[in-house]
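Each residue of the sequence shown is one higher than the last, beginning at 732 in our numbering.
Every residue, glycine too, gets a C-beta built ideally from N, C-alpha and C.
A short write-up of the structure that comes next.
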Amino acid sequence: MAHQQNVQRGNAESRNLLLETARHWREKGLPAPLQRLLRDYEINPDRLIVIGDASGDWPGHEFLMEFLILTETGDFLEIRVELSEDATSIMEVEKFEDVTADQNLSEHNRGFGKGDGYLALQVLAELNSPQADVGGEK
Numbered sequence: 732m733a734h735q736q737n738v739q740r741g742n743a744e745s746r747n748l749l750l751e752t753a754r755h756w757r758e759k760g761l762p763a764p765l766q767r768l769l770r771d772y773e774i775n776p777d778r779l780i781v782i783g784d785a786s787g788d789w790p791g792h793e794f795l796m797e798f799l800i801l802t803e804t805g806d807f808l809e810i811r812v813e814l815s816e817d818a819t820s821i822m823e824v825e826k827f828e829d830v831t832a833d834q835n836l837s838e839h840n841r842g843f844g845k846g847d848g849y850l851a852l853q854v855l856a857e858l859n860s861p862q863a864d865v866g867g868e869k
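Put into structure tokens, the structure is as follows:
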């Protein structure tokens, strides 16, 4: 019973972290050049969620932005772009890859419960529901 409660607590913590990250980027908004790139691929930047962000984590590469996003159609994309110094344009698209097949979308995993991909899909549905406002509050 204690193990089940730990699994449930761990799933709740993971989901809350995903929700916090998604809300942060919904409120902040993605950089305009990245939004334009996404629209070029017919991806609505207002209906996706950012579930991972490693931007600015490389010394000397302050303009390199890397995201793991989940689109409204359920595709997980890993994107790495280098922005211009004034952040008005993309200098290079280093990666734009569908990584959906790499995600754990299972609701039931022995020992740890719900996969992160499954939890991200729940967060996406919540934030895109008609009851959610721009800030993600219901």
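Own chain residues within Cβ distance below 6 Å of residue 800, not counting five before or after: Taking the sequence shown and counting its residues from 1, the one referred to as residue 800 is at position 69. Result list for residue 800: 779, 781 and 808, in chain order.
N-terminal and C-terminal residue of the beta strand (DSSP E) that residue 811 is part of: Here the question's residue 811 lines up with position 80 in the sequence shown. Membership of residue 811 in the beta strand (DSSP E) is indicated by the continuous run 807-814.
Separation of residue 771 from residue 836, as counted between CA atoms: Residue mapping note: residue 836 aligns to position 105 of the sequence shown, counting from 1. Residue mapping note: residue 771 aligns to position 40 of the sequence shown, counting from 1. Each residue's alpha carbon lies about 27 Å from the other.
Same chain only: Cβ atoms within 6 Å of residue 825, ignoring 5 sequence neighbours per side: The count along the sequence shown starts at 1 and reaches residue 825 at position 94. If we look at residue 825 and ignore the five residues flanking it on each side, its Cβ neighbours are 811.
Coil, strand or helix - residue 830 by DSSP: Against the sequence shown, residue 830 aligns to sequence position 99. Secondary structure of residue 830 (DSSP, three-state): coil.
Inter-residue spacing [alpha-carbon to alpha-carbon] between residue 853 and residue 744: Residue mapping note: residue 853 aligns to position 122 of the sequence shown, counting from 1. Residue mapping note: residue 744 aligns to position 13 of the sequence shown, counting from 1. If I take the Cα positions, the gap works out to 14 Å.
For residue 771, three-class secondary structure by DSSP: Reading the sequence shown from its first residue, position 40 is the one you call residue 771. In this structure, DSSP gives residue 771 a helical state, which the three-state scheme calls helix.
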